[in-house]
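Protein chains: 4
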Amino acid sequence: MHKAGIAGATGYIGYELITLIHRHPELEVGWLTSERNAGKRFDQIFSTPWDYSLINLESAYLRTDEVDVVFLCLPHAESMEAVKRFYAEGVRVIDLSADFRLKDVDVYKRWYGIDHTVPELCAEARYGLCELYRSELDGAQLIANPGCYPTSVNLGLYPLAKAGWLGERVIIDSMSGVSGAGRKTNLTYQFVEANENITPYNVGHRHRHIAEMEQVLGAANGGKRGHRFLFTPHLVPLNRGILSTMYVDVPAGVTEESIRELYAENYAGEPFIHLLPAGTQASVAHTAGTNRCAIGITPADPLLPDGSEYVITASIDNLIKGGSGQAVQNYNIAVGLDETAGLQ
Amino acid sequence: MHKAGIAGATGYIGYELITLIHRHPELEVGWLTSERNAGKRFDQIFSTPWDYSLINLESAYLRTDEVDVVFLCLPHAESMEAVKRFYAEGVRVIDLSADFRLKDVDVYKRWYGIDHTVPELCAEARYGLCELYRSELDGAQLIANPGCYPTSVNLGLYPLAKAGWLGERVIIDSMSGVSGAGRKTNLTYQFVEANENITPYNVGHRHRHIAEMEQVLGAANGGKRGHRFLFTPHLVPLNRGILSTMYVDVPAGVTEESIRELYAENYAGEPFIHLLPAGTQASVAHTAGTNRCAIGITPADPLLPDGSEYVITASIDNLIKGGSGQAVQNYNIAVGLDETAGLQ
Amino acid sequence: MHKAGIAGATGYIGYELITLIHRHPELEVGWLTSERNAGKRFDQIFSTPWDYSLINLESAYLRTDEVDVVFLCLPHAESMEAVKRFYAEGVRVIDLSADFRLKDVDVYKRWYGIDHTVPELCAEARYGLCELYRSELDGAQLIANPGCYPTSVNLGLYPLAKAGWLGERVIIDSMSGVSGAGRKTNLTYQFVEANENITPYNVGHRHRHIAEMEQVLGAANGGKRGHRFLFTPHLVPLNRGILSTMYVDVPAGVTEESIRELYAENYAGEPFIHLLPAGTQASVAHTAGTNRCAIGITPADPLLPDGSEYVITASIDNLIKGGSGQAVQNYNIAVGLDETAGLQ
Amino acid sequence: MHKAGIAGATGYIGYELITLIHRHPELEVGWLTSERNAGKRFDQIFSTPWDYSLINLESAYLRTDEVDVVFLCLPHAESMEAVKRFYAEGVRVIDLSADFRLKDVDVYKRWYGIDHTVPELCAEARYGLCELYRSELDGAQLIANPGCYPTSVNLGLYPLAKAGWLGERVIIDSMSGVSGAGRKTNLTYQFVEANENITPYNVGHRHRHIAEMEQVLGAANGGKRGHRFLFTPHLVPLNRGILSTMYVDVPAGVTEESIRELYAENYAGEPFIHLLPAGTQASVAHTAGTNRCAIGITPADPLLPDGSEYVITASIDNLIKGGSGQAVQNYNIAVGLDETAGLQ
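Protein chains in written order, with this note's numbering: chain A, 1 to 344; chain B, 1001 to 1344; chain C, 2001 to 2344; chain D, 3001 to 3344.
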């Protein structure tokens, strides 16, 4: 059995990771860290019988020989130091923070407002959007797990971008369940505030996840085309799930059928991509509780002769494909296990 | 006291209308109709102590002398005959169906798929979007109450359209609570199906409410500019509320400040328009349970020198400003009562 | 117009009070206090256009001449001093905290763990459960607004208790929406924690609201019978509403019909009591958004010959009848206005 | 690999069963039936990529040789004939309806209002409450899967009943998510009706699940004591989960510690029983998405010297331990697989 350490295990992603590891035939829990709750047991933090002890990061650095992989679920900025220390110990690291997702440390600084302290590992890290970069992930020691919103957007638009069919302006309207905000207390996420409410936030090119869209989709066609992403996330009253409704322009003459063929080719054999039939849109129910991404493709106005605008819908479970599930998938790929192990 | 008849009183809009009438200092309930439940009492249909008798439409036609106004909450197509009959009796009619909203009966046929049987009353009917057409509503005998989605979109964009500042392509991403689907049984709207889910629907220029956007915003600038509306409604798990997030282009050189001034001028003194300060977005909580429309205005990318793209957010309560409340507001205007009576 | 000051106006009850006052034909908002937010405006704290200034308590003490009544929405313990100061100024006070609900300061100390600092006002204060103590409230200068759970329980069981028909052991299973916990940040009440969950709390004679049940129901029959209340509150995922399902024993020979007659007599003409017909249970939907209490009465086992056990269900809106609405009702009674003013 | 046929596969339990089978290392889907949807594919009925063909029951009877077990998810009454036919073919049957749960066909007739058509199989069927009847399930050809409510109640009270410590009157207040009503259209279960609502139903000894409580707990102590169950189920706005709050009397002198020891002994080594520490109550979050039952034990009034009343709380996921999960657990036991296979 492979063993997994989880750093920052007492958030929602940590909880989901443990759930997936329990279902994984080759993986089991090694140690768990929580700076705030070190010394307690996991079942004192969550309503579960799992009585794992919680240790702190400093102890974990001394126990890397007990695990085959460390999943890091720390806040961005805090992850840099931890990745550096675990990496130096030679253990495989899958980082779920934003710290190693962006190749360009200047871009990192622009969006996150701080200097990157380990730029050499930024170059080393592989961006773990499995379906797009699988070959680079094989054997990787350091994998940066993608953000939740960008996973839905990048999987939903990559075939278009790679083919050079994605227009300059891309409008993305995303809706996310409240678990996306993490397990912390904040008036905005209190039940009565979020329930029976819908709230747009970070409007006006202000959400950091745009950087990952620019990095992935901008490079998809050899960097020949830039894109302008107008991205509006919304907080909606459900626990989990992301739906991205995206408005794109394609070149004149590109038909719905040719787009469908393009996606079918790009995603042939992918176990976690669910391409929906014509006329069907992705909904959160398509993917909640799973590691899948569902994608729907619909012409914006079927009556117009030049149907050059499309609505692409993509949904994922933000905690699984947008976090814990993709992390496990990345591990499976990195070490050569069945990619779907623990993820059915 | 004025008396109101309500036809089709056992849907959600009917229930809300009665609630508002109970709070209205000058209005009280006359008769209520329900084809399916005639002979029963209202408290057998809803969990409420209101023991009003339910009659059928045929009886109501004979009792127009008992009421000062009839609010029609019938399905579209069924409303045509009822409007004709009540109108012929000389009673004031506020029709909450779609049947008399569109001035052009060909447009009606295109979107609703049926011939209009009383085109002469289409011409007669006033479109009751109070803030935009108040002067035409004064004394009107027949008022077509606007659709819920178009109320949020048209109030949110009208100042831009009227000023000629609204670009050709308008992208509208709307989210609605489940009461928008009406009080009927349907698997899609069952609790377990809708809860913890988000579902886009009628994607691809297929929602009939687009016709009202074209009619109002297309004509706002003297019909000089056409607009192409790309409208995607989503079903989200809350009882009530609509949020529309809209992506628009404005002419180069138009600043956020000038747009704010434009809105402030257009809506000066409006009791039910809530213009939000810079940096604030409309949320469902801004308007739930009220007759207000909240509007937020934000440049799409504040870093770009030519900030010619904007994100406009607008929210309403679909059952009140998008239905019962606007109907009462229309009545207040039509007969010269305080416009806010019953609506605080 | 009468004017109302609200102390502690930025909680959920404060928000609801303002809403009700806006609908009240004789009452309007004077000043609002918030210790934390003094100096800000109300619309910076809630998503609303109400731009009232927020002052602090010390300023409010100096402005009692501007208002006819002060509604106190402060936490228990903090309310004692404020009541004392406002009362000394001669202004009418309706206190929504627990501080003046219990007649016996020893009982207060036992349940709340602190000494009562103004016992003389405890004796002075009237317990504002309107339907039961209306005559005592007329003209009262200090009214203690009842707790939310006890309002449902006491209204639901009072006729039985008064008639001497309520058995010794009373089991009360209550469920409350999350707004009952107040507007504060706490992990338990975060959306993801409370949504899709049900949590019993304060199990085992530990909820302070039991004291109000003992006080009201214990005294109902001249204090001849004591009762033992086994009360279990549950947190359920809805914004507002309380449902109490109560299991009671009645003397042999007491029939359902006689119980129904008893309730009908006790509550004859009550505008806010909704007695449900046989076979119907109170649900939250019966009272949400209203000042009503709905009551259902059902024999526990209709097949048994000696049907001496009954299930009584009672629901209220915790923020209205369990808080703001009953406070307004108390004010209406105290000063001789129409008891239902602002509460339709 | 073992193969499973599922009859009535297009309800919520069918969906969950398929999910669990996909995670089961030894089990895979054979055929699926749906009388209404035969000829369609599963992915046309649910938002999922599973493209299994749906056949009808008559076809399934001819294909018993393709499967090792049939899980029957048919409505009660319809299950009798199907069980008879599958049983006659010699295939193992796990029936999730109520038809074979009650040993006494007269009791069945009393509660379900119809004659049992295959009483001989009633005698044959084993009641599949795994933790209590494991030894009888080994090798069983016909297992009746317990009802959801009784699973929570019987697991929660069995140790007391078996020890003869359970008093005569047992009061059970249960709350269930809406999926308990099945996947059918009904106004009561529409989103807007069930959301923001709580509704007691079947009050007054009218829920059929009482029969299973009487059968299991009544026999636990050798039938020496009868019990009177006062059971009130409530519909609460969540998708899944049951919480039962139970009020019981125990003999004088029985301490909390001795009750805890009793439960610990009874459930020693049980992989799916989660006994909670003192002072902790079962919540839906303890068991949602799992096959576990969580149990909390608390004295009703810790201040009383003779603490002879207890509050027992028990939660399960109604679709898993209350349906699909227990069905898989039963299969695992019956054929000698690891009891937890597919259920971690």
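Backbone N, C-alpha and C fix where the C-beta goes; we use that ideal spot for every residue, glycine too.
Alpha carbon of residue i to alpha carbon of residue j, nearest angstrom
i	j	result
N1195/B	V1178/B	10 angstroms
E1256/B	D249/A	26 angstroms
A3009/D	S3053/D	11 angstroms
I390/A	S152/A	This structure cannot settle anything about residue 390/A, because the visible part of chain A is limited to 1 through 344.
S324/A	V170/A	28 angstroms
E3028/D	E3089/D	20 angstroms
A2220/C	E2265/C	16 angstroms
K1109/B	E1120/B	15 angstroms
L3062/D	E16/A	42 angstroms
A3278/D	I2094/C	40 angstroms
H3022/D	V3107/D	37 angstroms
D115/A	L238/A	35 angstroms
Y1189/B	T287/A	19 angstroms
L2072/C	S2097/C	7 angstroms
S2174/C	S3047/D	36 angstroms
Among the options, the one whose alpha carbon lies nearest that of residue i
i	options	result
K2003/C	V2328/C, T2340/C, L2343/C	V2328/C
T3280/D	D2068/C, S2079/C, N2202/C, G2342/C	N2202/C
D2104/C	N2266/C, V2284/C, V2118/C	V2118/C
G2182/C	L2235/C, A2220/C, V2091/C, M2246/C	L2235/C
F3231/D	L3187/D, R3206/D, T3298/D, L3343/D	R3206/D
G336/A	T199/A, N154/A, E26/A	E26/A
W31/A	T185/A, F191/A, D65/A	D65/A
Y2133/C	G2039/C, Y2158/C, G2289/C, G2011/C	Y2158/C
Chain-order list of residues whose beta-carbon lies under 7 angstroms from that of residue i (same chain, five-residue window excluded)
i	result
N318/A	C148, S176, G177, S179, G180, R240, G241, I242
W1050/B	I1018, F1042, D1043
A3282/D	L3243, L3276, A3294, I3295, G3296, T3313, A3314, S3315
C3130/D	L3137, Q3326, Q3329, N3330, I3333
E2035/C	N2056, L2057
Contacts around residue i, its chain only, beta-carbon distance under 6 angstroms, and the 5 residues preceding and following it disregarded
i	result
V1284/B	G1241, L1243, S1315
A1125/B	F1100, L1142, A1144
R292/A	F272, H274
P1150/B	H1209, E1212, M1213
Assigned secondary structure, residue i (DSSP; H/G/I helix, E/B strand, else coil)
i	result
C293/A	strand
M80/A	helix
S2152/C	helix
Q190/A	strand
G3325/D	helix
P277/A	coil
F2272/C	coil
K3162/D	helix
G1039/B	coil
K3003/D	strand
P237/A	coil
G204/A	coil
Residue i at chain E interface by Cβ criterion, 9 angstroms
i	result
V2067/C	Chain labels in this structure do not include chain E; the protein chains are A, B, C and D.
- [ ] Tell me, please, whether the segment 1209–1224 of chain B touches the segment 3158–3172 of chain D by the rule of three or more beta-carbon pairs shorter than 8 angstroms.
- [x] no
Open item on the list: Any contact between the segment 1081–1096 of chain B and the segment 1057–1067 of chain B? By contact I mean 3 or more CB pairs, one from each, below 8 angstroms.
Closed with: yes
Open item on the list: Under 8 angstroms, with one C-beta from each stretch per pair, do the segment 1260–1270 of chain B and the segment 252–270 of chain A reach the 3-pair mark?
Closed with: no
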